[in-house]
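Read the structure below first, then the notes.
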Amino acid sequence: MRSQKQIAASLRRASVALSHASSNPATSQSSRTAAVAGLRLSRAQPQQQQQRCLHEQAPRRSGASNPAMAFPCLDALETRSETLKKRSDSSGPEPSYVAGATQTFHCDEPLLLDWGGMLPEFDIAYESWGEMNADKSNVILLHTGLSASSHAHSTQANPQPGWWEKFIGPGLSLDTDKYHIICTNVLGGCYGSTGPSSIDPADGQRYATRFPILTLEDMVRAQFRLLDNLGVEKLYASVGSSMGGMQSLAAGVLFPERVGRIVSISGCARSHPYSIAMRHTQRQVLMMDPNWNRGFYYDNVPPHAGMKLAREIATVTYRSGPEWELRFGRRRADPSKPPALCPDFLIETYLDHAGEKFCLTYDPNSLLYVSKAMDLFDLGHSCQKDAATRRAERLESLHKGVYASNGNVSCSLTLPDKPYEEQPESGGSAEIDTKPVTQSDSSKPPEDLIQGLSALRDHPALVMGVASDILFPAWQQREIADALKLAGNRNVAHYELSEEQSMFGHDTFLLDVKNVGGAIKNFLQ
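Just so we're aligned, residue 512 is where the sequence shown starts under the numbering used here, counting upward by one.
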């Protein structure tokens, strides 16, 4: 029987030989086979003889114990960076963010914004379908999600299918035989409407992060400037899903006399912590990309890596666990190969593809500004009152001849003066309300929100939610419907699709023509 020292020495020699063979492609197959055989022979000895001698000096090694892992995902990232860098040396790498031919409304009148900023002029890109009737009473304003363009449906000028292609057309949910549908790219976007990538008329340079903070209400006001230009006094309906569902409510609250009906699908009346947290995380990974350069990247390589990661995070929130369980399960893309740290499971390759497809098709700064506008959204009475106060103060300063807002930090991105601190569960001296909370009390919307939505008490409203939606959970649509009813609205239709009806999560509004499209069509008739 071999001694303990002999076994240890054999193991070390075989390990060194194997690592050298792995790191040296020129090593013959016979050498590698012999090394492996040596290891197997040594490891076949009795367990009690395989104790390592702690004081024995390890031999010097000419190579690593194992070969280095390959990272094709990082190779692709670096290749794209090099390609964009080469392009920047000639014409500039920043992609042209276009979704095809649109119509453009240019407004020369300044637009005052809720947080003190001002746009001296702006453009709104839009597309339309169906004929407008003589008195312009059949117009539907369709609001988009965060990163969507105005191209909701194909047109003669742009035959590419739109993001709501199956919902718009003769006899469909938005029936072009009856209605004239208008869809805009939101203010702050990059598909033809004024946003951070646009030119600041004050100095001829791109706005970048000199663009002022926006709210969804600011976007709606810009849309109604377009309607003014088109001579549309009152909408037949305001329709939207996701962020568009939020804008649809805001349109009715801001212009109650100019909106006939409200459709809000998979939206909310005020943003909640989970969705704010997920959008914050997307913004953080984007801003941590060195190429973001504090927003001034337009003449250099754009932050494509940060955009890819941001989109992957967003995609996780757009769909549901049950759908992915059925669609991907635990399957790997190629089970015949060893595991990898790059995308390996099917779900990983799906997310990777979603990020790759998006990272150069939307302006990163637009993602920051528009997502922040979603976070700031709150139709509660107190928030509306505060915004009105800020706007009045800003108007007063403008009337006094104070036009510059450079010193007004409220127009820009800021941080709180005091960082977050854990709050005690009880304030000690504070009085505690010991009144028991009933089920009806706990599910009732706050009075502030009920009061904030009171402007919609006379508007027929359709509110839809999806049980499998994790970004805008169904209870948020129930909150809208309940607040409208408690505000005095007797014409609220509220539908909630169960997981059996749809397991597509938040993206249900893009996919479910039967349930979502059918409900819209019936409501608008």
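Just so you know, even glycine gets a beta-carbon here, dropped at the ideal spot from N, CA and C. Just so it is clear, the structure is predicted and the values come from calculations on it, not from any experiment.
With distance defined between alpha-carbon atoms, name the residue in A992, P971 and S1009 nearest to L746. P971
Using the three-state DSSP reduction, which class does L973 fall into: helix, strand or coil? strand
In this structure, does DSSP put M799 in helix, strand or coil? coil
In chain order, what residues of the same chain lie with their CB nearer than 6 Å to the CB of P557, ignoring the 5 residues before and after it? Bear in mind that the predicted position of P557 carries a pLDDT of just 45, short of 50, making it unreliable; the figure below should be weighed with that in mind. Here the set comprises nothing.
Provide the residue span of the alpha helix (DSSP H) that contains G1029, from first to last. G1029 to L1035
Simplified DSSP assignment, three categories, for D959: helix
With a floor of 4 residues, list each alpha helix (DSSP H) that falls wholly inside the region 603–664, ordered by position along the chain. none
For D1023, the three-state DSSP class (helix, strand or coil): coil
In the DSSP assignment, the beta strand (DSSP E) including G751 goes from what residue to what residue? A748 to S752
Going by DSSP in three states, E932 sits in which element: helix, strand or coil? coil
Within 8 Å, strictly: CB atoms of Q758 and H617: no
From the DSSP output, in three-state form, read off E589 for me. helix
According to DSSP, what are the bridge partners of V1003? A972
Contact between the region 830–839 and the region 673–683 is defined here as three or more beta-carbon pairs at a separation below 8 Å; is this criterion met? no
Does D928 pass the burial test, meaning 16 or more other C-beta atoms within 10 Å, or should it be called exposed? exposed
Option nearest D1018 by Cα separation, candidates G817, R805 and R830: R830
Quick check on the burial criterion: 16 or more other C-beta atoms within 10 angstroms. Buried or exposed for T615? exposed
How far does the beta strand (DSSP E) with V770 in it reach, from first residue to last? Here V770 belongs to no beta strand (DSSP E), and DSSP marks it neither H nor E.
Keeping to the same chain, check which residues put their C-beta closer than 7 Å to that of A761; ignore five residues upstream and five downstream. L727, E728, V731 and L890
Starting from I693, trace the alpha helix (DSSP H) in both directions and tell me its first and last residue. Segment H691 to T695 is the beta strand (DSSP E) holding I693; no alpha helix (DSSP H) there.
What is the DSSP secondary structure of D886, reduced to helix, strand or coil? helix
Using beta-carbon positions only, say whether H662 and G742 come within less than 8 Å of one another. no
Once DSSP output is grouped into helix, strand and coil, what is the label at L685? strand
Have a look at S1048 and G806 and give me their C-alpha separation to the nearest angstrom. Nothing can be reported for residue 1048: it is not among the residues displayed for the chain, which extend from 512 to 1036.
Once you ignore the five residues that flank Y1006 on each side, which residues in its own chain have a CB closer than 7 Å to its CB? M975 and A1030
Can you give me the C-alpha to C-alpha distance between Y707 and P846, rounded to a whole angstrom? The question names Tyr, but residue 707 is Pro in the sequence shown. So the alpha carbons of these two residues sit roughly 45 Å apart.
For my contact list, W626 and R1001 are in at a C-beta cut-off of 8 Å; report their separation, rounded to the angstrom. About 36 Å separates the two Cβ atoms, so there is no contact after all.
Excluding the five sequence neighbours on either side, which residues of its own chain have a C-beta within less than 7 Å of the C-beta of E642, listed in chain order? H691
Helix, strand or coil at G840 according to DSSP, with G and I counted as helix: coil
List the DSSP bridge partners of R717. I710
DSSP three-state assignment for V774, whether helix, strand or coil: strand
What are the start and end residues of the alpha helix (DSSP H) that includes G817? H815 to Y829
Identity of the residue in L797, E632, M818 and R790 nearest R736 by Cα: E632
Quick one: using the 10 Å Cβ neighbour count with 16 as the cut-off for buried, is D969 buried or exposed? exposed
Alpha carbons only, please: which of E1010, E859, Q988 and E1011 is nearest the one belonging to A1004? Q988
Quick check on the burial criterion: 16 or more other C-beta atoms within 10 angstroms. Buried or exposed for P723? buried
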